[in-house]
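In what follows, a structure is listed as structure tokens, so that the remarks can point back to it.
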Amino acid sequence: MKIVKLPSGKLLEFLSHLGSFGEVHAPQKKGKKSFSFLPVSDLSKVVLSGDDYTRTILPLKKYFHKPVDTLLKFSPEKGFEDAFEDEGKKILFGVHSCDINAILSLDRVFSGKYVDTYYFRRRKEVAIIGMSCIPDDLCYCHSMGTSFVEEGFDLFLSDVGDGYLVKVGSSLGDDMVSSAEELFSSCSEEDIAEYKKRINEFPGLFKTKVDEADLPAILDMEYKSEIWEEMGNKCFNCGICSMVCPTCFCFDVNDEVCLDGETGERKRCWDSCLFKSHAMVAGGHNFRAERADRFKHRFLHKHQAFMGDFGRPSCVGCGRCTQDCPADIHFVGMIKKIKGDISCIHGEDIEK
Amino acid sequence: MIHLAQKALLNNPYLPQQCRIVAATPQTDDTMLFKVRLEDDALAEAFDHKPGQFVQVSVMGTGECPISIASSPTRHGTVDLCIRKAGRVTDAFHSLGQNALFGMRGPYGNGYPVEVMEGNNLIIIAGGIGMAPLRSLLHYAMDHRKRFNEVILMYGARDKEDLLFKGELLSLMDRADIKTFLAVENDVDGSWEGEKGFVTDLFGKFHINPDETYAAICGPPVMYKFVIDKLLEKGFSKGRILMSLERKMKCGIGKCVHCSVGFKYTCIDGPIFTYWDVINMKEII
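Chains A and B supply the protein sequences, listed in that same order.
Per our numbering, the first sequence starts with residue 26, numbered consecutively.
Per our numbering, the second sequence starts with residue 9, numbered consecutively.
Rendered as structure tokens:
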């Protein structure tokens, strides 16, 4: 892999240079302590490191699997037609490894025998420039094996103090570097030593730790555990964990009719398996009628079903669900509880 | 990123094709059998499916729902959909009327593993509306009669008015090469000439070697339990008991997760599961 160095002082200059490759989106301050990926109009608003920026409110799925997406338009004359609108090329700058791994997980879900054309038509227009980060109390990506990336980026910037080592992951990434060649230098032995030092120290920075080994089998054994009832009573079924989860992808599909009563659009929107209607069929029978059933379903889909389908859990350890849960459910605490694993460290041991 | 050919991106799996209702025959007071054909002749001729598969039916402005195919691929050109008024989309479908256009995409699902089942005996066990998907398998077996040894149909309903395809199935009773047992639970006016009682009562009517037989079941959840107990009692292995499951579906192609059971999706891993699959999947019935 081609690796070059970008000095810290040149970072924003490189970012502004990328406009020629598409619309640049980067994390920006939204509320007091919240961040969001937004189009960059003012470089001074971009927050790439420090300032407590660890995770954005919504993950990057919003770019490919939109919260509300118009799939089709229909009319009695023309029947159903594809309503996809090309929004042009985008560059997402400053994406953390957990979020890149989450996109790779969605790539697997939306490909396969049936290719989700809406997802992939957007996906191929988006370049990803990743960036190393410092974990906060809620991060546990290292436990989930998603604290590093081997693929899924065009460029990946790793902080080495006075600059960034830039991994070039695609030919588009190489074009980006080549077009601003004067900003980059080759990396020195000191840079490599610093990079290795940081990589080796990295696991020690995590305050939340979990071991998923054998969890699918334990979930089978504990299928009837009282824990689910207890968690079902605690959980509000609000679905916020699904909305902010970078790997949750459930959707609902509905037709919206125009005032003429004939033409309209078929739209899909984010859904959550915690919602009561999720498994309810015509006639009113609900296959997951109880809150405990739905809480368990979501947990098992992430940590057991994905193991069967893709060989790894879908959770990437970004910490968004725990951060945003209004019922104060700590999802790593949940794993600890079900596994009875005291080596697991989570939010009740450290201040949330 | 997963690299996909341009062709894969142009082939939109969510786009329904225009389809026309060719004929509609009432079955019960809330169920109709619709014969439909894709408007595009080339697509209509190319449409192929396996018994047990389903399609996603669209009523413009109301939405989409999964409907199992009630006809066999051996009877080409049109597709039979037996639809009970059960919710928004099926209600709207019933009010479309003869010759109306609607949207259809598919076929989806795994279907019955007919290539594995051929060379064996076949028992079809249906309850109520469950006869709809099994009719595709029944017609398939009738049209490829030599590929199966014994073919037995057991079909039960609450009242004789609830039996689907009544004329067609009653006429089967005259055929020597298919054993047909039709049972109703209630016979209020005493006019029913077939069997009386539950579908499980019919097991005493014949003997069959369970090691050379596949049993295909579809019916209300309560029926599965009793039928499966009977089959196991008769010595059927769990892998020879095939069940067709129903779930809420939005996409039909394994993306929206509404139909998930345990770590399987009913739409792409099913809707046909063996009893062995089922006991390894939680919350299934």
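Even for Gly, the Cβ is constructed at its ideal location relative to N, Cα and C.
Asked	Found
Within chain B, partners of asparagine 279(A) - CB distance below 8 Å	Gly71
DSSP bridge partner residues for phenylalanine 105(A) (one or two, in chain order)	Phe99(A)
Minimum Cβ-Cβ distance from glutamate 158(B) to chain A less than 8 Å	no
Contacting residues, own chain, Cβ-Cβ under 7 Å from isoleucine 159(A) (five flanking each side not counted)	Leu230
Contact under 8 Å by Cβ, valine 65(B) with isoleucine 75(B)	yes
Alpha-carbon to alpha-carbon, arginine 92(B) and threonine 98(B)	7 Å
Below-8 Å beta-carbon distance, phenylalanine 135(A) vs any chain B residue	yes
Cβ-heavy atom distance, leucine 37(A) to the ligand HEM, below 7 Å	The ligand HEM is absent from the structure shown, which contains no ligand whatsoever.
Exposed unless 16 or more other CB atoms sit within 10 angstroms - verdict on arginine 183(B)	exposed
Where tryptophan 284(B) falls, given that 16 or more other Cβ within 10 Å makes a residue buried	exposed
Contact check, threonine 233(A) vs aspartate 349(A), beta carbons under 8 Å	no
Proximity below 8 Å, CB of glycine 105(B) to CB of glutamine 26(B)	no
Phenylalanine 271(B) at chain A interface by Cβ criterion, 8 Å	yes
Residues within the region 180 to 197 of chain A neighbouring chain B, beta-carbon criterion of under 9 Å	Ser195
Cysteine 267(B) to leucine 208(A) span [Cα, whole Å]	52 Å
Neighbour-count burial assignment, isoleucine 160(B), 16 or more Cβ in a 10 Å radius	buried
8 Å Cβ cutoff met for alanine 307(A) and alanine 94(B)	yes
Chain-ordered chain B contacts of leucine 96(A) [CB-CB under 7 Å]	Tyr22
Which listed residue (Gly127(B), Ala165(B), Phe271(B) and Met139(B)) has its alpha carbon closest to that of threonine 221(B)	Gly127(B)
Closest by C-alpha distance to serine 59(A), when choosing among Tyr220(A), Ile82(A), Leu43(A) and Glu48(A)	Ile82(A)
Beta-carbon proximity list for phenylalanine 173(A), same chain, < 7 Å, skipping 5 on both sides	Ser122
For proline 64(A): DSSP bridge partner residues	His50(A)
Contact list for alanine 94(B) against chain A, beta-carbon separation under 7 Å	Ala307 and Gly308
Residues that alanine 16(B) contacts on chain A, provided the C-beta gap is smaller than 9 Å	Ser136, Val140, Thr142 and Phe145
Beta-ladder partner(s) of methionine 296(B), from DSSP	No answer is possible for residue 296(B): it lies beyond the span of chain B, which begins at 9 and ends at 293.
Inter-residue spacing [alpha-carbon to alpha-carbon] between glutamate 214(A) and serine 157(A)	20 Å
Inter-stretch contact at 8 Å, needing at least 3 Cβ pairs: the region 260 to 269 of chain A / the region 331 to 349 of chain A	yes
Member of Gly342(A), Glu106(A) and Asn262(A) whose CA lies at the smallest distance from the CA of histidine 328(A)	Gly342(A)
Exposure of isoleucine 375(A), with buried meaning 16 or more beta-carbon neighbours within 10 Å	Because isoleucine 375(A) carries a pLDDT of 43, less than 50, the predicted location of this residue cannot be relied on, and the following value inherits that uncertainty. Exposed is the call here.
Per-residue DSSP class, three states only, for threonine 188(B)	strand
Secondary structure of serine 268(B), DSSP reduced to three states	strand
Rounded distance between the beta-carbons of glutamate 48(A) and lysine 149(A), thought under 8 Å	The Cβ separation is near 15 Å, so there is no contact.
The region 224 to 233 of chain B touching the region 135 to 155 of chain B, judged by at least three CB pairs closer than 8 Å	yes
Buried or exposed (CB count within 10 angstroms, at least 16 for buried), serine 183(A)	buried
Meets three-Cβ-pair contact criterion under 8 Å: the region 293 to 306 of chain A and the region 91 to 103 of chain A	yes
Segment contact flag, the region 199 to 211 of chain B with the region 161 to 168 of chain B, C-beta cutoff 8 Å, min 3 pairs	yes
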